[in-house]
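Same order as they appear, the protein sequences are chains A and B.
Residues in the first sequence are numbered consecutively from 1, following our numbering.
Residues in the second sequence are numbered consecutively from 1001, following our numbering.
C-beta atoms are modelled at their ideal positions from N, C-alpha and C, and glycine is treated no differently.
These numbers come from a predicted model, not from an experiment.
Report on the structure given below.
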Amino acid sequence: MPLQRPVLWVHEEALGPRNPALLAWPQAPALFVFDSAWISSAHISRKRIGFLYESALALPVSLRKGDVAAEVMAFAKCHTADGVVSSRPVDPRLQRIANSIRRQWPIVLLEPDAFVNPPRPPRLGRFSRYWRDAESVVWEGFTSNAS
Amino acid sequence: MDAPLTQLPAPPPLNWAVAEDDLPREFPNRDEFAQDLEQLFPQTEGGLSPLRGGRDAAERQLERMNAKCYGRSRNHLDGAVTQLSPYIRHGVLSLAEVREAVFDQLRQHRQQREDGATLIKELGWRDFWQRIWTGLGDQINNNQEELNTGHDPNSYGRNVPDDIRTGRTGLACMDRFQADLVETGWLHNHARLWLAAYVVHWRRVHWKAGADWFLEHLLDGDPASNHLSWQWVASSFSHKPYFFNRENLERYSKGRFCTDCPSAGCCPFEGSYAQLETQLFAPPAAIGDTGGTHGRERGATFARPSAAAARPKR
């Protein structure tokens, strides 16, 4: 069933207006949570917190700190939501948080803007192999005005 | 019009009620914001970076971008680097947006594809790291290959020494890089490479200790890019270790460090690449003894900090 009344979880990889969750649900209540366990265990400096905070302040999101999954689920409950929408994270820590939420709430992860969409998955391992597959596709959108 | 530098942009309004345990969204100015952060996050250390977060700051930085100059000068400490990495890392700007901004600039200036090729390739590096991270997950914390330094992996220290952490090595260059890292949360890519090589090869500290130290501070602290770049320096994500000499550092820093360096008479980076290779790495025969890549001819094939060798941290 498609979600009718979701809340949005905005995380550290998507603190901008191109966040696909914010674009899809511009009126939905949204939350960013400072991950207290990560901040402590990784000794994250205050300037990094400040940068994240300033970035989040530019978005229509509520801000909290603590256990991210617990805070997102409490936020969803408070807003009588029927699920959570977010952007698909790359960081395994954020994926684990998404999985924690999924155990108790429906969660939809939307794909962020792609930098390049090659017809076949590019070869990884070394950058040179990836770039051989990706470069021409990246430049497809460019036409020079140079005379 | 931009808000004055001491002010924070007004946050967009919320169309739902504020909860009791929500963190504040309104601050009179940036100084009080910094003071409030001390109360809100007492376990964290340091002050704010002069680099500001948020979309307005990101767009101002994007306007300063000069793709053609970037391509010509990116390896120099005073080169036209973009400083967009903190915004890209946190999605304040998407890679696709920056790609389009580069294309727009080339069109507006009637420039050719070649004029933006280096910067577009650097954006490709960011995409590459994300794809690698998607595949490897937490495995980025482990060696991707055996070290190719000839040294026993267990001989590397597990902590960044205090003199490095606190900027008291007596090496003007490294102490400046430490200060920039800790005070601003941003370092030029070449400075990252030099500092990482110093930590890993000159001080024989495990790359993971250095990588974690960087992540404490870097505003663009991206574990995939950071950890795998440290592994590239260490040689566990490359077939050869990265190192440099004083001549190289002096060239790309325009000699700003060496003139008044307290260690000028005993610079550990002084020497040819061949001399430093002998000093820093065990002979090839020892590589087999430590389970590394066997029989590799190194010598002239060592990584040199040229444009081709530099790594993508904007």
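Can you give the Cα-Cα distance for residue i and residue j, rounded to whole angstroms?
i	j	result
residue 1123 of chain B	residue 91 of chain A	18 Å
residue 1223 of chain B	residue 1215 of chain B	7 Å
residue 126 of chain A	residue 1135 of chain B	13 Å
residue 1288 of chain B	residue 1150 of chain B	Only weak support exists for where residue 1288 of chain B lies, its pLDDT of 35 falling under 50; the coordinates are left without a value.
residue 952 of chain B	residue 1125 of chain B	Since the first residue of chain B shown is 1001 and the last is 1314, residue 952 of chain B is not available in this structure.
residue 138 of chain A	residue 1036 of chain B	43 Å
residue 1029 of chain B	residue 1210 of chain B	35 Å
residue 1156 of chain B	residue 1089 of chain B	30 Å
residue 1032 of chain B	residue 39 of chain A	21 Å
residue 1315 of chain B	residue 1197 of chain B	Since the first residue of chain B shown is 1001 and the last is 1314, residue 1315 of chain B is not available in this structure.
residue 1218 of chain B	residue 45 of chain A	9 Å
residue 1146 of chain B	residue 4 of chain A	51 Å
residue 1044 of chain B	residue 55 of chain A	18 Å
residue 1308 of chain B	residue 1048 of chain B	Unreliable positioning characterises residue 1308 of chain B in this predicted model, as indicated by a pLDDT of 35, which lies under 50. A coordinate reading is not provided.
residue 136 of chain A	residue 1283 of chain B	42 Å
residue 1254 of chain B	residue 1026 of chain B	44 Å
residue 51 of chain A	residue 1054 of chain B	8 Å
residue 1291 of chain B	residue 1239 of chain B	Annotation note: pLDDT 33 at residue 1291 of chain B (below 50); position unreliable, no value reported.
residue 1101 of chain B	residue 59 of chain A	22 Å
residue 1095 of chain B	residue 124 of chain A	19 Å
residue 1182 of chain B	residue 26 of chain A	37 Å
residue 1103 of chain B	residue 1064 of chain B	15 Å
residue 1167 of chain B	residue 1187 of chain B	14 Å
residue 1297 of chain B	residue 1271 of chain B	Its pLDDT being 29, under 50, residue 1297 of chain B is placed unreliably in this model, and the coordinates cannot settle the point.
residue 1080 of chain B	residue 1189 of chain B	12 Å
residue 1021 of chain B	residue 64 of chain A	7 Å
Listing by chain order, which chain B residues have their CB less than 9 Å from the CB of residue i?
i	result
residue 117 of chain A	Ordered by position in chain B, no residue passes the 9 Å Cβ test against residue 117 of chain A, which lies about 10 Å from the chain.
residue 134 of chain A	1124, 1127 and 1128
residue 38 of chain A	Under the 9 Å cutoff, chain B gives no residues; its nearest Cβ is about 10 Å from residue 38 of chain A.
Against residue i, what residues of chain B qualify as contacts under a CB-to-CB distance less than 8 Å, listed in chain order?
i	result
residue 91 of chain A	1133 and 1223
residue 139 of chain A	1113 and 1120
residue 52 of chain A	1053 and 1090
residue 113 of chain A	1094, 1095, 1096 and 1097
residue 124 of chain A	1128, 1131, 1132 and 1135
residue 131 of chain A	1121, 1124 and 1128
Just to check, is the beta-carbon of residue i closer than 7 Å to a non-hydrogen atom of the ligand MG?
i	result
residue 1057 of chain B	Among the components of this structure there are no ligands whatsoever, and the ligand MG is therefore not found.
In chain A, what lies closer than 7 Å to residue i by C-beta?
i	result
residue 1015 of chain B	27
residue 1231 of chain B	The contacting residues do not exist; residue 1231 of chain B stays about 13 Å from chain A at best.
residue 1025 of chain B	57 and 63
residue 1125 of chain B	127
residue 1009 of chain B	58
Short of 7 Å in beta carbon distance, which residues of its chain neighbour residue i, apart from the five on each side in sequence? Order them along the chain.
i	result
residue 76 of chain A	7, 84 and 105
residue 118 of chain A	133, 134 and 137
residue 1200 of chain B	1207, 1210, 1233 and 1234
residue 1185 of chain B	1049, 1051, 1217, 1218 and 1219
I think residue i touches residue j, with their Cβ atoms under 8 Å apart; what is that distance to the nearest whole Å?
i	j	result
residue 148 of chain A	residue 14 of chain A	With chain A covering 1 to 147 only, the question about residue 148 of chain A has no answer from this structure.
residue 1070 of chain B	residue 1118 of chain B	6 Å
residue 1236 of chain B	residue 1144 of chain B	6 Å
residue 42 of chain A	residue 10 of chain A	Not quite, the Cβ-Cβ distance comes to about 20 Å (not below 8 Å), so this is no contact.
residue 1040 of chain B	residue 1023 of chain B	6 Å
residue 1228 of chain B	residue 1132 of chain B	7 Å
Keeping to the same chain, check which residues put their C-beta closer than 6 Å to that of residue i; ignore five residues upstream and five downstream.
i	result
residue 69 of chain A	97, 100 and 101
residue 1016 of chain B	none
residue 1072 of chain B	none
residue 1285 of chain B	At residue 1285 of chain B the pLDDT is 44, less than 50, meaning the model places this residue with poor confidence; the figure from the coordinates comes in the next sentence. Excluding residues within five positions, none has a Cβ falling inside 6 Å.
residue 1116 of chain B	1067, 1102 and 1106
Interface residues of chain A around residue i at Cβ under 9 Å?
i	result
residue 1106 of chain B	142, 144, 145 and 146
Since residue i meets chain A, which of its residues come closer than 8 Å, beta carbon to beta carbon?
i	result
residue 1217 of chain B	45, 47 and 48
residue 1012 of chain B	58, 59 and 60
Note down, in chain order, each residue of its chain lying with its Cβ closer than 8 Å to the Cβ of residue i, except the 5 sequence neighbours on either side.
i	result
residue 18 of chain A	112 and 113
residue 1250 of chain B	1257 and 1258
residue 1113 of chain B	1106
At 7 Å on the CB atoms, spell out the chain B contacts of residue i, in chain order.
i	result
residue 98 of chain A	Under the 7 Å cutoff, chain B gives no residues; its nearest Cβ is about 13 Å from residue 98 of chain A.
>> Output needed in chain order: residues of the stretch 3-34 of chain A with a Cβ under 8 Å from some Cβ in chain B.
In response: 12, 13, 14, 15, 16, 17, 18, 19, 27, 29 and 34
> Relative to chain A, which residues along the stretch 1056-1090 of chain B have a C-beta separation below 9 Å, given in chain order?
Replying inline: 1056, 1057, 1058, 1086, 1087, 1089 and 1090
>> Tell me which residues of the stretch 1029-1049 of chain B have at least one Cβ-Cβ distance to chain A shorter than 8 Å, keeping chain order.
In response: 1033, 1034, 1037, 1038, 1040, 1041, 1043, 1044, 1045, 1046, 1047, 1048 and 1049
>> Under 9 Å, CB to CB, which of the residues in the stretch 1157-1184 of chain B have a partner in chain A?
In response: 1182, 1183 and 1184
> Of the residues that make up the stretch 1229-1260 of chain B, which ones have a beta carbon closer than 8 Å to any beta carbon in chain A?
Replying inline: none
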